[in-house]
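Everything below concerns the one structure shown next.
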Ligand SMILES: Cc1ncc(C[n+]2csc(CCOP(=O)(O)OP(=O)(O)O)c2C)c(N)n1
Ligand SMILES: Cc1ncc(C[n+]2csc(CCOP(=O)(O)OP(=O)(O)O)c2C)c(N)n1
Ligand code: SF4
Ligand code: SF4
Ligand SMILES: [Mg+2]
Ligand SMILES: [Mg+2]
């Protein structure tokens, strides 16, 4: 296939580009975005993506709330977020234009499909007049107006497609065009089309034709005044794949289970944006994964607790309201001291809130949202690929300390993608698990002197018959016990055990100078935006550093000391300052909370600006 | 009836006495304690009681875990707790002796029913030898050994009772005896027996005989070396009744509903120790109270939310695990901005924990235990009688600010009793509620400029048809809305509304000096023990004061300033330091947390000791 | 419901100003239309309607009906509705729910509402799939269904919603389908008229995730042979020309000539024939029952509850703040 | 359950070292005893038994049986048990629950467990009251019951647990009573033998809060006339001398001479006769059914689930860490 080499003299080299595809839910924007991602990944770019689709399954065609977007940043450098304002906006209809234009960079490339700008389209998007008629548009942006509908219909002519079928191919036409502009080869997508439509030759042909037609339009017409290349990034050597947060969690869980040689039992109830974890895990049947779609979230977690009792690795996952529903059973897992991993893919709240949007507002609930003194370790993943590592870590904690563990991710991580370097098998450390089998002197609530974990004794083991449950139990024997001092002791032991997990953390790392004026402290998915901001600040010579906490509870023992090395601590969070609150109460230091609760992630620029303001 | 006047020359006057009745669950100790309480109340003593019974309905007779206790302190001074170590212990069987003797004051009066000290009784209590044979017992305490069984059987002879029936009366015999020792009249109890057993003359007669026989034993024999009187306390003038926390909550809710002229809908599910609120409310049918025993706690709160939607005062109540189950629906109440009162009678946790024991470990859950940013005001009652006032205050907040409100009490308040001065009707301030009725420009999420409350528009009101729900809504119109900035605005508005409630609080009060070395800061049921400790400290001239917060969220605006007037802040809590954590994060001040998690309340002495240690 | 004068409405009076956000072609549209038309006819003042839903595609219904509405949380609509109806029995309460909302997470609330027999109506939009969360199998999905959460086929036996309703003691149990508007409206009116809890299962097509799930019963060309419309007191006949009959035997229900058809009773002593016929397999000999499977009168929960309040108030006198406080033993300190 | 050699046990082998804490005279003692005796006879190795309960007096059962035990949280025992059984199908799982635990808060889990048909057993101790929380009415309490939470009488219609089980699609549904030990043990053995979900309602006397609630059915002097013990393939006869019969008609079940009695079938096509007879009023003409009301074979959930895992593993090969990581599109950077 034709594919311009970056050395082509007419091609300008860029460090990176941010594209946003936006169209109607039916326009296939997610698909288009994913194809551009795969192609760029294969080309060696570093990447980050941010899909943003409507809550409705199929919103009415052309409506404002039915707009589906996919933002993608591809770069020749190491990047951490899908970018702030896009350089390029592809708007397939008026609604997409209206919802997305405000984000486009001044002077950015704006490609508009004029084929969908008739009166009724404009009305659905609540435009009084055709915005394309506004001369300011062409003045403010590099405007490319094209009737992609017409072009597509022509491209696939003769294949016997209905008009409607033909129009379905227009996203490939747009994609082909952008491949030309950014000097990407068509192969990856061609292969994909081959595979996907192999059984339906007519559609296979049509999509291929549309893709190539788009490319040709770029090449032959004089629509585009420039052509660009983004050379490969200097990524660490290794095998890479693209990964999103949810499948990374699923893979991490399976890897964790393999490392501790326990079968996974995943008991859950579908909920956006956590359902995909179930979907991925339910395909791993040949890894011995049991998935159980329960009648509700309570049954999901309770079945996982039951499975853990039998010696399986009980896992449950959910979002938003589903997490609230699990509160009671989390208490049971704490009291029975069984291993359990609970994945919470946070979404916009409170209540049903914004189901398809991202947020980090379940932190305090994770730490304290249960009746009684009910300590549970909490950790968070910081990027889509990191979800894999965080999941393994959660498994390790759960089985080593015989405790439920809450793993926080969020909608942004769940659906965002990045190239991810596959770990070498040797890098993965085994997680030793020893089931108790000796009936001699067996005591269900005796403890390991180091971890304070109680022994794990499976039903089916002769001589180890014992009873557990949610009532307070006697130290060592585990018999039900209402003695006041025993209760105090057990509350203390459960707390000590969880707080002791901090002994197993690696030292807290700081990116940037070891001490200075401002430390940007973050957790979870803000990692990329903070890193982007701190990189730029450091480039500008500012005395700024980043510290990103994986372990939210218990906090790392050296964190207080790290914080005190900086004059100010800035905490950007997609909530109203929850980590800030924990930090204040733990270390009694003033921090600068930077809350953002918009259902969308921080941009690096926002954080950089705030850092600059802080520096005065 | 015979009843020695306090002026009787052989009677020694005491300031106060702490008695504990302890026996088997079947021995009627709760009844005995309650009778002693009523009699002493009628005599004008100030009182506080602490019943402590087993988790089992009817534990096997004579077993250690089947011991039922009732401690009661009656005084001629204003008191706040049922006392620390008892002066008198009545032990009806070996198990009762074993479980309670360690608490008895050295030299205290120990009355033992020897009739239940045969071999099998001793075995059930896991005594190897008869403890009454141990001479140390008589040396350490003022020991009174009596065969109450025998005495009772004799007293009721001739009434045709079986032996078993006769023995049932022995608690009245014990009671009569103690009435003699403490110079109490028999009338109150006689009247009670009359009323209770009126329909069963045989039992009426038997109990009366036993009571009087007990009195006569005291009078005639030389068993008791001394007789005492505790003169009436100087209580504020007024009409009094004895009150426990749970009925006080029920009465407060009914009073609140009457003050705002709304019918109560109480949707709940039975759970110890909250069930009694349901039991009391379900008797108030003639006050228009609707009680709904739902299928579970979730249905309980959801039905109450539904009732609030229709313009009723929706209330729900629960304990421990039940509170955890309501987490999700609390979010719905926050999002829909409907009034709702949620009573949480805290009990020992985590999980099922210690269902019949007290604790204060649900504070952080109350403030933060929900998904998303989900602010709810939280307040706590500080004594059984105060439950009445706290419930009214919760109703006021809920309907004034259109918000769910969490009212915290605990097992200690729920079942403890104190004399309570009935409020005058004039003292009770009306709570104005205005339903929206005007369809003109009606907007479901417009706001009152002062309270930020949205209008309450009931179904059935023509022209106000509107929809609410758990999805994020547009400011003013309340339509479903996913706009980022609107979300941030709404999260902010909900927070502002709740934080604004602090504007309606009275100024924070300090008991003792306005500034000094140690401030003992408390909340909820620790009030009495702290007051007792601070009173004694002040009597001893120590620079100590008490501040007791009713409003846990939002905290009073002047609290930070109050705390800063003291060198040290001591926070005794029946948890692992939850208020301490909130105070630290709010005010960035070091506090001295004093946790006690034993399922039983603080004693004044414990707190006093700690204060002294702090003072060095 | 007491209505002074029957108000006259048009369907448009029940259309809200919110854009309908279901997928084009979704069966929910037809049901919405039928409900709006029915509401207009019932003679109930508009402001007395309350639609209560949980979460799901179907549960967005309240936004589109111009009545009071409560889009609550997943599975809890019957509980919210119970509070509404008990607090104000004068309202006409309609629960809108899906097979996931009602029978998965909300199963307990719905069976309890049925047993208590509140006078409200539930419309269960059964598309045998979780629509809103993108197509996982539901408790009514057929066994071996391949979905994102069961890529190799589900191993869950489905519920029969009608059987479950009967087992819970529901007093009105009916079935209809999105595409048969006249039938659906008839059932809705009967549900409204029934004093007690009305359970209506509506077969609903999800074009996106479970398209044509009911085609084998509802397709125009075959539906007369695959459905029997049960009507109280009428013979159990079906077929395009009502040329087929059903006969009830002690142990089974069999096909027979129309003349020999048994008479359908909705109020049999124990609902056993409804229980039997509702389990007629969808591919079996016997057609699938539509219409009213059961209707009996039983005491209505909120009525009894309020009668008890009235009686108690009559016996004890209206409670006042004063007698609230003075109740029980009191004493004076002066 | 596969047991290599049938172990031989005595009842004492299933008695734990914990003091039993039920009220003296509680019906739970007799049930505990019957279960311990039954366990000893089943030929299952002791370490394979797991007793799972929720919260309630009855739910304290696991502490007293010397097996593996899980005293979970209120209502959730079927969910916990599902995890246990699915994760290890080799265990013999017994759910012990009360009428509040199973039918009030836990209603949803139990109906779903029944529909899925896991091979486990539930023993529902039905005392028609909340024992542990001191005597509130339960979902099986008769209407108008006066309790602390219904001082003027309850207005809730009760569930019929058998009807609910049938409506949920349970494959084994039986009833027995605490005081009839031989009958109870027979039913427990049959429940164990059944491959699938066995639902056993056990009428149980709560001496403290609902004493003699079943006297009108179970009192020695009348019980032969008030109970019919249903046995598959046997005529439906009852009475001290089996001198009374029951006949199934298309629309009802009536008394008849023993010679005319119908033969009881537990596996009828739709369980309709079980549905009908289980609703025989306790004060009615027809005696109350005991024994096995329904028993049919259906695929067992955990069996199918593990078969699917095996089949997939055979098709795709055993998953390894390596092929987990290498799945999907990858590329090299060097
Ligand atoms: C507590 C909770 N759990 C899960 C979800 C996710 N969820 C929303 S709707 C739904 C199922 C919808 O299925 P159904 O009721 O059949 O409605 P349909 O979309 O098919 O109309 C689920 C699982 C949620 N919103 N809340
Ligand atoms: C979440 C939760 N809600 C409520 C309770 C209180 N509770 C414990 S047992 C019970 C009912 C017990 O009734 P049942 O199941 O019939 O058992 P029984 O005591 O009669 O054997 C209740 C309401 C609880 N422990 N947990
Ligand atoms: S997903 Fe299915 S049920 Fe939901 S709106 Fe679309 S077609 Fe209707
Ligand atoms: S309260 Fe009733 S059910 Fe509970 S142990 Fe006592 S007698 Fe048994
Ligand atoms: Mg559905
Ligand atoms: Mg019970």
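Chains as they are written, first to last, in the working numbering: chain A, 1 to 616; chain B, 1001 to 1616; chain C, 2001 to 2334; chain D, 3001 to 3334. Heads up, the beta-carbon is just placed ideally off N, CA and C, and yes, glycines get one too.
query: Within the 9 Å Cβ cut-off, does residue 1077 of chain B reach chain D?
result: Start at 1 with the first residue of the second chain, and residue 1077 of chain B comes out as number 77. Cβ-Cβ to chain D under 9 Å: no for residue 1077 of chain B.
- prompt: Using a C-beta to C-beta distance shorter than 9 Å, which residues of chain D count as neighbours of residue 2305 of chain C?
  reply: Numbered from its first residue, the third chain carries residue 2305 of chain C at position 305. Residues of chain D passing the Cβ test: 3155.
field: Buried/exposed call for residue 225 of chain A, threshold 16 Cβ in 10 Å
entry: For the purposes of this step, residue 225 of chain A is taken as the residue at position 225 of the first chain. So residue 225 of chain A counts as exposed.
field: Minimum C-alpha distance to residue 2164 of chain C - residue among C:2092, C:2315, C:2099
entry: To locate residue 2164 of chain C, count along the third chain from 1; it is residue 164. Looking at the Cα atoms, C:2099 is the closest of the given residues.
Own chain, CB closer than 7 Å to residue 1479 of chain B, minus 5 neighbours either side, in chain order: Position 479 of the second chain holds residue 1479 of chain B. Only 1473 meet the Cβ criterion.
field: Identified DSSP bridge partners for residue 624 of chain A
entry: With chain A running from 1 to 616 in the structure shown, residue 624 of chain A is simply not present.
field: Opposing strand residues paired with residue 547 of chain A [DSSP bridges]
entry: As a working note, residue 547 of chain A is residue 547 in the first chain. According to DSSP, which records beta bridges pairwise, residue 547 of chain A is partnered with A:521.
query: Which residues does DSSP pair with residue 1241 of chain B in a beta bridge?
result: Residue mapping note: residue 1241 of chain B aligns to position 241 of the second chain, counting from 1. Partner(s): B:1420.
query: Interface residues of chain B around residue 2104 of chain C at Cβ under 8 Å?
result: For the purposes of this step, residue 2104 of chain C is identified with residue 104 of the third chain, where counting begins at 1. Within chain B, no C-beta atom comes less than 8 Å from the C-beta of residue 2104 of chain C; the nearest is roughly 14 Å away.
message: By alpha-carbon positions, which one of A:253, A:131, A:269 ends up nearest to residue 262 of chain A?
response: Locating residue 262 of chain A in the first chain gives position 262, counting from the first residue. Taking the Cα of residue 262 of chain A as reference, the smallest distance to any Cα among A:253, A:131, A:269 is reached at A:253.
task: Consider the C-beta atom of residue 3033 of chain D and the heavy atoms of ligand 4; say whether any pair is separated by less than 8 Å.
output: Within the fourth chain, the letter at position 33 stands for residue 3033 of chain D. Of the heavy atoms belonging to ligand 4, none sits nearer than 8 Å to the Cβ of residue 3033 of chain D.
Pairwise C-alpha distance: residue 3230 of chain D and residue 3075 of chain D: The count along the fourth chain starts at 1 and reaches residue 3075 of chain D at position 75. The count along the fourth chain starts at 1 and reaches residue 3230 of chain D at position 230. About 29 Å.
message: What are the residues in the region 1342–1362 of chain B lying within 9 Å of chain A by C-beta distance?
response: Of all residues in the region 1342–1362 of chain B, 1344, 1346, 1347, 1348, 1349, 1350, 1351, 1352, 1353, 1354, 1355, 1356, 1357, 1359, 1361, 1362 have a Cβ within less than 9 Å of some Cβ in chain A.
- prompt: Leaving out the 5 sequence neighbours to the left and right, which residues in its chain are closer than 6 Å to residue 3184 of chain D when beta-carbon positions are compared?
  reply: Here residue 3184 of chain D refers to the residue found at position 184 of the fourth chain. Closer than 6 Å at Cβ, skipping near neighbours: 3034, 3176.
query: What whole-angstrom Cβ distance do residue 1436 of chain B and residue 1462 of chain B have, given they're in contact under 8 Å?
result: The sequence position of residue 1436 of chain B within the second chain is 436, counting from 1. The sequence position of residue 1462 of chain B within the second chain is 462, counting from 1. About 12 Å; that fails the 8 Å criterion.
field: Status (buried if at least 16 other CB within 10 Å, exposed otherwise) for residue 1469 of chain B
entry: Translated into positions along the second chain, residue 1469 of chain B becomes position 469. Buried is the call here.
- prompt: Listed in chain order, which residues of the region 493–505 of chain A have Cβ atoms closer than 7 Å to some Cβ of chain D?
  reply: So the list is empty, because no residue satisfies the distance condition.
message: On a Cα-Cα basis, can you pick out the residue from B:1017, B:1169, B:1208 that is closest to residue 1195 of chain B?
response: Numbered from 1 along the second chain, position 195 holds the residue referred to as residue 1195 of chain B. Per the Cα distances, B:1208.
message: Starting from residue 180 of chain A, trace the alpha helix (DSSP H) in both directions and tell me its first and last residue.
response: The residue you call residue 180 of chain A lines up with position 180 of the first chain. Run containing residue 180 of chain A: 170–181, per the alpha helix (DSSP H) assignment.
task: Check the C-beta distance from residue 2077 of chain C over to residue 2173 of chain C and give it rounded, since I have them as a contact under 8 Å.
output: Along the third chain, read from residue 1 onward, the residue named residue 2077 of chain C stands at position 77. Along the third chain, read from residue 1 onward, the residue named residue 2173 of chain C stands at position 173. The beta-carbon distance between residue 2077 of chain C and residue 2173 of chain C, rounded to whole angstroms, is 18 Å. This is too long to meet the 8 Å contact definition.
query: Is the beta carbon of residue 1487 of chain B less than 9 Å from the beta carbon of residue 62 of chain A?
result: Indexing the second chain from 1 puts residue 1487 of chain B at position 487. Indexing the first chain from 1 puts residue 62 of chain A at position 62. In this structure, residue 62 of chain A does not lie closer than 9 Å to residue 1487 of chain B by Cβ.
task: Taking only beta carbons into account, state which residues of the region 46–58 of chain A come closer than 9 Å to chain G, listed in chain order.
output: Absence of chain G from the displayed structure is noted, the protein chains being A, B, C and D.
task: Taking only beta carbons into account, state which residues of the region 3277–3298 of chain D come closer than 7 Å to chain C, listed in chain order.
output: Residues 3279, 3298.
message: Less than 9 Å between CB atoms is the rule here; does residue 1006 of chain B satisfy it with respect to chain C?
response: By one-based count along the second chain, residue 1006 of chain B stands at place 6. Since pLDDT at residue 1006 of chain B reaches only 44, below the 50 mark, its modelled position is unreliable, and the value read off the structure follows with that caveat. So no, residue 1006 of chain B is outside the interface.
field: Alpha carbon of residue 1005 of chain B to alpha carbon of residue 1424 of chain B, nearest angstrom
entry: Within the second chain, residue 1005 of chain B is the residue found at index 5, counting from 1. Within the second chain, residue 1424 of chain B is the residue found at index 424, counting from 1. Legend: pLDDT at residue 1005 of chain B = 45, less than 50; position of this residue unreliable, value from coordinates given subsequently. Cα-Cα distance, rounded: 32 Å.
message: Can you tell me which residues fall inside 5 Å of ligand 3, judged by beta-carbon distance to its nearest heavy atom, and keep chain order?
response: Summarising the contact set, residues whose Cβ lies nearer than 5 Å to any heavy atom of ligand 3 are, in chain order, A:57, C:2022, C:2023, C:2026, C:2057, C:2131, C:2206, C:2207, C:2208.
query: With 16 other CB atoms within 10 Å as the buried threshold, where does residue 7 of chain A fall?
result: Indexing the first chain from 1 puts residue 7 of chain A at position 7. With a pLDDT of 47 at residue 7 of chain A, under the threshold of 50, the predicted position of this residue should be treated as unreliable, though the coordinate-derived value follows. Counting of Cβ neighbours within 10 angstroms places residue 7 of chain A among the exposed residues, the total staying below 16.
message: Could you check if residue 3100 of chain D belongs to the surroundings of ligand 6, using beta carbon to heavy atom distance under 8 Å?
response: The residue given as residue 3100 of chain D occupies position 100 in the fourth chain. Residue 3100 of chain D: yes, Cβ under 8 Å from ligand 6.
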